[in-house]
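Working notes for the structure below.
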Amino acid sequence: MILCKLAWKSLAMRRLVTSLTILSIGLSTALLMLVERIRVGAHASFTGAISQTDLIVGSRGGTLPLLLNAVFHIGSPTANMKFATFKAIQADPKTAWAVPITMGDSHRSYRVVATTSDFFKHFQTRRQQKLEFAAGGFSADAGSGDLFAAVIGSAVARRLDYGLGEKLALSHGVGEVSFHKHEDHPFHVTGILQPTGSPVDRTIFIPLAGLEAIHHGWEDGAPPRRDQALRTSELAAKNFAIEEISAVFVGAKSKMDILTMQRFWNDFKTEPLTAVMPGVALDELWQGLAYGEDALRLVAVFVVLVGLTGMLVSVYNSLSERRREMAILRSLGATPGLIFGLLVTEAGILVGSGAVLGIILTRVLLWVMQPVVANHFGFHLAVESFSSVEIFYFGAIMMCGLILGAIPAWRAYRHSLSDGLVIRL
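With the first letter of the sequence shown counted as 1, position 350 gets the number 354 in the working numbering; the numbers rise by one all the way through.
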């Protein structure tokens, strides 16, 4: 207790330097903790973007492009697969359910996914979370034949301030700039989904037949002439046959059949296909991102070391100003061990206060960043109790701080008796 009181009063006499040192350590600790939280949040969001889906089947290509396009809506499908193949997948005795999706259009940079009502029944995100409606529903569910119904994710509704009944015109293609908009055939919002913390929040869902309808009469990627284009009411009355889709989400009746199904569809004779297990592909994706993850963590560790080095310099430089103080303490009976312990305690207070400040800053920043990150990047930053990694970081920072603090303490230990006794004019 005496050491702590002496150390605290000594640090209080140098308030400015002490405050700046604690702030430096706190900011570097907060950066390290934030990098860890972002890493954990990104990993959880990647792995939790899709759940309880056993296979994703698409046209022949790479497994990662298929996963990124079908689940995260990144990139474009290399080619479409036949709708008849989807019917074959659906009719497979090993298939419990199959959901087709088609992509290619957008609305104000938000991806549009054409699908069926089965998507909202079977698709699940992290922790087996089913999709739930905050308002309305998929009006085509009841067989209303509403080709131009649209369901929007929570982020789309919030950012664009869309509600039920809102009209939206789709753009051809998925780029920021589109050379053609389907303004003659607008969709209307019939449902808004609850937040999921996944790419679903930033997606607009329409019926498969609706996507076929707005592209009716297109040839070689070009829209029909105005005198040949059908009105919305005429399109709604037609019965459109789906010919191609982008991918299929598949659920197996038995987990033991997944590998057999994957091998069968990869070797499908009628059409070249790629069948990928989402969990395996997600692990492959995360392994590919591991280098960037390690680089960020290394930068954060170096920043912490810089902060601790600043503490070392602060304590070490103060020794020249405190030589007479140390000599007085020795003359009053303080042992060299007490002098050593005093400086190590000061270092411990600086590092401990900085680390605690860093933890507080981390929690505050997480509360501020949580909605922003969820809205713009679609993953959840958890504000919860300490993880084992964060506890390890805290202990490592304290240990490094005490070790560095022992350097000036050792110097004071060796020279505490002789330093400061010579009167300088």
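Every residue, glycine too, gets a C-beta built ideally from N, C-alpha and C.
Secondary structure of residue i, DSSP reduced to three states
i	result
residue 229	For residue 229, the predicted model reports a pLDDT of 49, less than 50, meaning its position is unreliable and no value from the coordinates is stated.
residue 105	strand
residue 211	strand
residue 100	strand
residue 442	Beyond the ends of the chain as shown, which are 5 and 429, falls residue 442; an answer cannot be given.
residue 254	strand
residue 25	helix
residue 417	helix
residue 176	strand
residue 410	helix
residue 200	coil
residue 111	strand
residue 117	strand
residue 75	coil
residue 14	helix
Residue from the options with nearest C-alpha to residue i
i	options	result
residue 10	108, 349 and 245	349
residue 298	269, 364 and 42	42
residue 118	354, 216 and 387	216
residue 123	83, 30, 45 and 253	253
residue 402	172, 315 and 332	315
residue 189	54, 101 and 154	154
residue 176	121, 160, 129 and 116	116
residue 363	374, 8 and 390	390
CB contact flag (residue i, residue j, <8 Å)
i	j	result
residue 214	residue 191	yes
residue 404	residue 312	yes
residue 36	residue 397	yes
residue 343	residue 417	yes
residue 352	residue 409	yes
residue 210	residue 139	no
residue 370	residue 385	yes
residue 359	residue 33	yes
residue 207	residue 320	no
residue 193	residue 172	yes
residue 249	residue 105	yes
Classification of residue i by the beta-carbon crowding that lies within 10 angstroms, buried from 16 upward
i	result
residue 70	buried
residue 276	exposed
residue 269	buried
residue 205	buried
residue 131	exposed
residue 73	buried
residue 247	exposed
residue 52	buried
residue 28	buried
residue 266	buried
residue 345	buried
residue 354	buried
residue 88	exposed
residue 24	exposed
residue 287	exposed
Contact test: residue i Cβ vs the ligand PLP heavy atom, cutoff 7 Å
i	result
residue 34	With respect to the ligand PLP, the structure offers nothing, as it holds no ligand at all.
Per the contact definition of three or more C-beta pairs closer than 8 Å, is the region 191 to 203 in contact with the region 90 to 108?
no
Give a yes or no on contact between the region 270 to 286 and the region 56 to 63, applying the rule of three or more CB pairs nearer than 8 Å.
They touch, by the three-pair rule.
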